[in-house]
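Reviewing the structure listed below.
Residue numbers (this note's numbering): 27 to 173.
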């Protein structure tokens, strides 16, 4: 990875790179581990994990994501960022990033949603400390609302 982890933008683009994968390959697990702080938590939509809100550590997320993408493992998948909003103060940052997830053989997204990403700057670099995401219902608008 040729990413500058002192840049929020590169950490976020690295996240999208890490969860994308070619046919018969896996997502970039070493990159995921590099981007997330050792204390990081990832919270998928509750529908994905038994109908309750439950946060996962990075290793649990890797297992969870493999289960969610097993049907397209032989095709490959790519998550593409659509919009990004960053709010930063000192050593903390909040990023809202909308995405589309595609099977590599399709131009129609199989999932759309928003990642809510909290980062902390420690040891002269940015780490993802928390990732919570939700998917948009089919046909629902995908916009990040600022209240």
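Yeah, the Cβ is synthetic: ideal placement off N, Cα and C, and Gly gets one too.
Here the structure is a predicted model, which means the values were calculated and not measured.
Check, Outcome
"Would a C-beta distance cut-off of 9 Å place residue 152 and residue 57 closer than the cut-off?", "no"
"Look at the Cβ atom of residue 95, then the Cβ atom of residue 80, and state whether they are nearer than 9 Å.", "no"
"For the alpha helix (DSSP H) holding residue 85, just list the boundary residues, first then last.", "84-95"
"Using a threshold of 9 Å, state whether the C-beta atoms of residue 110 and residue 121 are closer than that.", "yes"
"What's the call for residue 246, buried or exposed, on a 16-neighbour Cβ count within 10 Å?", "It is not possible to answer for residue 246, since the shown part of the chain is limited to 27 through 173."
"Give the straight-line distance between the Cα atoms of residue 157 and residue 143, rounded to the nearest whole angstrom.", "5 Å"
"Beta strand (DSSP E) containing residue 149: first to last residue?", "Premise fails: residue 149 is in no beta strand (DSSP E) and is neither H nor E."
"Check whether the Cβ atoms of residue 100 and residue 49 sit closer than 9 Å, and answer yes or no.", "yes"
"Classify residue 92 as buried or exposed, calling it buried when 16 or more other Cβ atoms lie within 10 Å of its own Cβ.", "exposed"
"So what does DSSP say about residue 59, is it helix, strand or coil?", "helix"
"Would you mind sorting residue 113 into buried or exposed? The rule is 16 or more other CB atoms within 10 Å of its CB.", "exposed"
"Please determine, among 132, 168, 67, 150, the residue with the shortest C-alpha to C-alpha distance to residue 34.", "150"
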